[in-house]
Amino acid sequence: MAITDNKLVANDVATVLDVLTRTVMNPANHPTGPTEAVLNYLRVWFPIPETLLRGMAQYHLWLSGSRAAEFHVPGSCRETSDFDFYTHYDAQCIGGSMRLLQDQGVIWDDPFDVLRTLLDAQRPTVMSISRDKLYRMVYMPTNSSHAKDIVTLLPTLRDYLQEGGSRSVSIGEQGILNIGPERRTHGEYGHSISIVTGHTTFHERKKVQLIFAKNRTPLDHIMAFYGSHVQCAITAYGTFHLYYQKATDRGSYIWPNNSQHPDSVRAAMQKYKERGWQFDSKAGNTDRTVFRSLANAPVDGSRSEMFNIPLPLPREVERERRDALQHLVWREGGGRTEALTSRRNTNTARCEQESDAGEREEWAKNCDMIRRYHLGRIAGSEVHPDRIPLL
């Protein structure tokens, strides 16, 4: 009897182990946790994603747009889609973000490329140059690496700088420079923004954009997007998609009164339609106001997942920012979306302390990056990153 019982027990154990092997112990049946998932996603283009996320916390850098949407809903981006990073209009945040991405293999475009393109193009040629670009080219210091003809061209452009708008600049058959009348433009996003462009060099070459604007946080940019399918982000603390459930069905709400430029909206929508996405304009045209919160996900159709990565921040700062992200509240109505999260600044003892030598050196490097890429008008070089709003 004892032998028979042992055989039964052995058979039972074998059966249980077989079930465990095929189910619970099978990695295919255990979805990767959010931390490992985002690291694997970013590692394709950025060699050390852990370092990238830690730096994103330090410099208030968010990844949004179609590349962030792809993490949540595969098929949201194309092979040619850009990596759109957003940060605050602050010298430390911008300079630090540029250095961070540069350390991850990103090569930033030469700010004088636009003039080189103009001078090297077949004549006659016409191109539009924004006032901000003209300003940087004319008033920011140059160095010996810049071609002599570019430096010679700068004084001519100086007389055509105006607030806002852009100028049509052309070189005629005889090499004569012609500058047309001012044209008002707000760019793709419908408001005045600045963009630094570059590309990745790890694995595959992909365009990278660092985007920032006065009085706009990364969250403000996301709330201004034309459609709900790209209202998402990857941050150092976690990732979220405000309208995840809608996006999983290849659907998007259109917000007609958000601030992106109509022409760019039509072009972007067409690209998504070609991939089978459907756009719902009815929800965006109603006068009904709806309040939503990531704390109510997935009831509100949103999604948020927090990461477990050690960050180089004071514990209280990290806790407050994680909490602000997890309890993000926004309002939709009148054809637009608006964040209702508190704009109070982080309040920690570190904010009031004088920076140590290492931190001052870090600030100096960030400011040097700003100068090198002719972004010298960016204010806030003395603003400590901990004073930036929570989101």
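Going by the numbering used here, the sequence shown opens with residue 1, and the numbers climb by one from there. Here a beta-carbon is modelled for each residue, glycine too, at the ideal position from N, C-alpha and C. Owing to the predicted nature of the structure, the values given are computational and were not obtained by experimental measurement.
Counted as a single uninterrupted DSSP element, the stretch harbouring Y226 is not any alpha helix (DSSP H), since DSSP gives it neither H nor E.
Contact annotation: R288 and S302 have beta-carbon atoms that are not nearer than 8 Å. DSSP places A339 inside the beta strand (DSSP E), whose first and last residues are R336 to A339. Contact check for H229 against S97 fails: the beta carbons are separated by 8 Å or more. In the three-state reduction of the DSSP assignment, A236 falls in the coil class.
Per the Cβ contact rule, the region 314 to 332 is not in contact with the region 356 to 370 (fewer than 3 Cβ pairs under 8 Å). By a beta-carbon distance limit of 8 Å, N257 contacts R336. Their separation comes to about 4 Å. Secondary structure at W363: helix, using DSSP grouped into helix, strand and coil. With a beta-carbon spacing of about 11 Å, L63 and P49 fall beyond the 8 Å limit used to define contacts. Under the Cβ criterion (8 Å, minimum of three pairs), the region 275 to 283 does not count as touching the region 216 to 223. In the three-state reduction of the DSSP assignment, D249 falls in the coil class. Contact between M306 and G238 holds: their C-beta atoms lie close to 4 Å from each other, under 8 Å. Secondary structure at Y89: coil, using DSSP grouped into helix, strand and coil.
Non-local beta-carbon contacts of G65 in its own chain, meaning distances under 6 Å to residues more than five positions away in sequence, involve D84 and V230 in chain order.
Taking 8 Å as the cut-off, the Cβ atoms of F212 and I309 do not count as close. Residues T197 and G198 of the same chain have their beta carbon placed closer than 6 Å to that of D109, with the five preceding and five following residues left out of the count. Looking at the DSSP output, G198 shares a beta bridge with W108 and V208. Counting other Cβ atoms within 10 Å of its Cβ, G33 stays below 16 and is therefore classed as exposed. The beta carbon of D300 is closer than 6 Å to those of R292 in its chain, skipping five residues each way along the sequence. A direct Cα-to-Cα measurement between A267 and Q58 gives close to 35 Å. For P312, same chain residues with a beta-carbon under 6 Å away, outside a window of 5 residues either side, are R54 and Q58 in chain order. Its Cα nearest to that of L391, the residue A233 stands out among N366, A68, G276 and A233.
In the three-state scheme derived from DSSP, where H, G and I count as helix and E and B as strand, E274 is classed as coil. Here the C-alpha atom of R78 lies approximately 13 Å from the C-alpha atom of M269.
If only uninterrupted alpha helix (DSSP H) runs of at least 4 residues are considered, those enclosed by the region 284 to 338 are 315 to 326.
Our two residues, H203 and Y41, have alpha carbons roughly 13 Å apart in a direct line.
Counting along the chain, L63 sits inside the beta strand (DSSP E) bounded by residues W62 to S64.
Around the Cβ of P218, a 10 Å sphere holds 16 or more other Cβ atoms; the residue is buried. DSSP places A213 outside any alpha helix (DSSP H), giving it a letter other than H or E. Looking at the DSSP output, H72 sits in no beta bridge, so it has no partner there. One alpha carbon belongs to L61, the other to T235, and they sit about 7 Å apart. For E50, the enclosing alpha helix (DSSP H) stretches over residues P49 to Q58. By a beta-carbon distance limit of 8 Å, V208 does not contact D90. Their separation comes to about 19 Å. About 22 Å separates the CB atoms of M369 and R205; that is not less than 8 Å, and the two are not in contact.
Nearest Cα to T87 within the set V73, A37 and L210: L210.
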